[in-house]
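Asker:
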Amino acid sequence: MRLRDNALLLTVALAAIVLLAGLSGQVAAGIAAALAVFVAALAPRAGPARQEAKAPTLAAAAPDNLPSGSELAAAIADPLILADRHGVVIFANAAASLAFGRVHPGELVALRFRSPEMQELIEAALSGMAVRPVDYGERVPIERSFKVSVTRIGEDGRFALHFRDQSETRRIDRMRADFIANASHELRTPLASISGFIETLRGPARNDAEARERFLQIMHTQTGRMARLIDDLLSLSRLEMKPLAGAGTTVDLVALAREVTDSLGQMIRENEMALELDLPAEPVFVLANADEIVQVVENLVENACKYGQSGKRLDIALSNDEEEASLSVRDHGPGIPAEHIPRVTERFYRVDVETSRAQKGTGLGLAIVKHILTRHKGRLTIRSAPGEGATFTLHLPLAKDPTTR
Ligand SMILES: Nc1ncnc2c1ncn2[C@@H]1O[C@H](COP(=O)(O)OP(=O)(O)O)[C@@H](O)[C@H]1O
Ligand SMILES: [Mg+2]
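The numbering used here numbers the first residue of the sequence shown as 1 and each following residue consecutively.
So, in structure tokens, the structure goes:
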């Protein structure tokens, strides 16, 4: 009987927590379903005659199959701690121990969570006052933040603390804010320059034909820069709208590499780079969106021309093993210092902003490359040592059966 009472209390508490915390999608659905079964199994106590008449087999079979209240609490993916009316821990689920280290029954919750907000929350819980969820942060071993809500269980002062991990949401919020700040800054710089020249043309340079020509040229360059930035931003946003590339078509990387080097031939020649193509005689098939892979290879070849021009050589090689194709673009320029390599695929990250600007860069090229490859279940590897050039290699899974289209 007592076990059942406890189980019922836990169930009600868990239901309240699920409702209060608005757990995300599948977890909430799973827990809700478990609760529904659980409450149904406990229902016969309220009206045994009616229940038995309707579903005798379920009622008979239920007690063996259904989880206990603590089993349910253990199954919740969020940290959950139950305490008695003195604030002493009665139960902590595995997620709580994983998040905060072992939480032992018998210890005081107030000693475990010492932030002022948590102290207030626990005090309110002990005095039976209703309180809003509070934010709670942990710094060790990594920075995490939680939204903590408290729910009273039954009439004897027990309560449950439910922690919802907000770290990922916070990280995404921060990234979004950074991204908007960066994009605005990148657009504002050319805009400020254009508006400055308009002022000069209206005022001091009004009758100076030579200056007018020069300023219009600069304004033209700046509008080009804004247009490139907007194109890249739109590319990124289009890619983000559909994170998976879909089925794709069978694409021959040998032909694709030739196509890109042909179309960028002029640029390669203008940079006085000698192109060395090392392509297999047989086609190498991958399942892909051909336009997107062209965009990837173009980006890498353009970067090699822009930043590795001094090396005078450009090597493009394609190889494959049983699983994947690897296409590498190698230059012999100054290369990338080791500490920058992991970051060059971040949006707006540039080793040297001035060089990138002078080369008409936006800082988004490699972010787009990485995005496209991830959509294709592929990846990008970067090898470089200062003074020895850089090798960017894209890896894509081979199409299993090249005859299917
Ligand atoms: N082949 C390369 N050699 C040296 N540095 C490179 C090379 N490719 C990329 N980088 C560095 O990575 C940065 C980011 O590249 P990318 O995302 O294409 O932006 P962008 O070219 O528009 O600046 C570049 O600004 C440059 O500093
Ligand atoms: Mg680039």
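We put the CB at the ideal spot given by N, CA and C, even for glycine.
Because the structure is a prediction, the values reported are computed rather than measured.
1) Output the distance between the C-alpha atoms of G203 and R212, rounded to the nearest integer angstrom.
2) From I293 to S237, what does the alpha carbon distance come to, in whole angstroms?
3) Below 8 Å CB to CB, which residues in the same chain sit around L233 once its five sequence neighbours on both sides are set aside?
4) Among all residues, which have a Cβ less than 6 Å from at least one non-hydrogen atom of ligand 2, and in what chain order do they fall?
5) Tell me the residue span of the alpha helix (DSSP H) that contains N299.
6) Tell me the DSSP secondary structure of N93 in three-state form.
7) Measuring CA to CA, which of V148, R206, P105 is closest to E117?
8) Starting from L161, follow the beta strand (DSSP E) in both directions and report where the run begins and ends.
9) Go ahead and label V140 buried or exposed: buried means 16 or more other beta carbons lie within 10 angstroms of its beta carbon, across all protein chains shown.
10) As an exercise, report each continuous alpha helix (DSSP H) stretch of at least 4 residues that is fully enclosed by the segment 191-266, in chain order.
11) Within its chain, find whatever has a CB closer than 8 Å to the CB of A29; leave out the 5 residues flanking it on each side and keep chain order.
12) Can you pull the DSSP bridge partners for S384?
13) Does the separation of the CB atoms of V109 and V89 fall below 7 Å?
14) Do the CB positions of L314 and D331 come within less than 7 Å of each other?
15) Between V301 and L253, is the Cβ-Cβ spacing less than 7 Å?
16) Go ahead and pull the three-state DSSP assignment for A281.
17) Taking DSSP as the reference, what is the three-state secondary structure of I142?
18) Figure out for me which residue from F146, I341, G333, P190 has the closest Cα to the Cα of I230.
19) Where does D70 sit, in a helix, a strand or coil, going by DSSP?
20) Is the beta carbon of V286 less than 7 Å from the beta carbon of A399?
21) Smallest Cα separation from E272: which of K306, K360, E339, F91?
22) For the beta strand (DSSP E) containing L82, list its first residue and its last residue.
23) Work out the CA separation of I76 and F100 for me, nearest whole Å.
24) Sorted by chain position, which residues of the same chain lie with C-beta nearer than 6 Å to P386's C-beta, five sequence neighbours on each side aside?
25) Between I336 and ligand 1, is the CB less than 6 Å from at least one heavy atom?
26) Spell out the partners DSSP gives T151 in its beta bridges.
27) Which of helix, strand or coil does DSSP assign to I336?
28) Got a sec, what are the start and stop residues for the beta strand (DSSP E) T122 sits in?
29) For S356, verify whether its CB is less than 6 Å away from any heavy atom of ligand 4.
30) Does the Cβ of S384 have 16 or more other Cβ atoms within 10 Å, making it buried, or fewer, making it exposed?
31) Please report the straight-line C-alpha distance between E270 and K312, rounded to a whole angstrom.
32) Would the C-beta of V131 count as close to ligand 1, meaning under 6 Å from any of its heavy atoms?
Answerer: The short version:
1) 11 Å
2) 17 Å
3) A183, L364
4) N299, E302, N303, G361, G365
5) 290-307
6) coil
7) V148
8) 158-165
9) exposed
10) 209-241, 253-263
11) Note on A29: pLDDT 42, under 50, position unreliable in the model; the coordinate value appears next. If we look at A29 and ignore the five residues flanking it on each side, it has no Cβ neighbours.
12) A390
13) yes
14) yes
15) no
16) coil
17) coil
18) P190
19) One detail in the question is off: residue 70 reads as Ser in this sequence, not Asp. Note: S70 maps to helix in three-state DSSP.
20) yes
21) K306
22) 80-83
23) 16 Å
24) G335, P337
25) yes
26) A160
27) coil
28) Checking the displayed sequence, the identity of residue 122 turns out to be Ile instead of Thr. Looking at the DSSP string, I122 is not in any beta strand (DSSP E); the run it does join, the alpha helix (DSSP H), is 116-126.
29) This structure lacks ligand 4; the ligands present are ligand 1 and ligand 2.
30) buried
31) 11 Å
32) no
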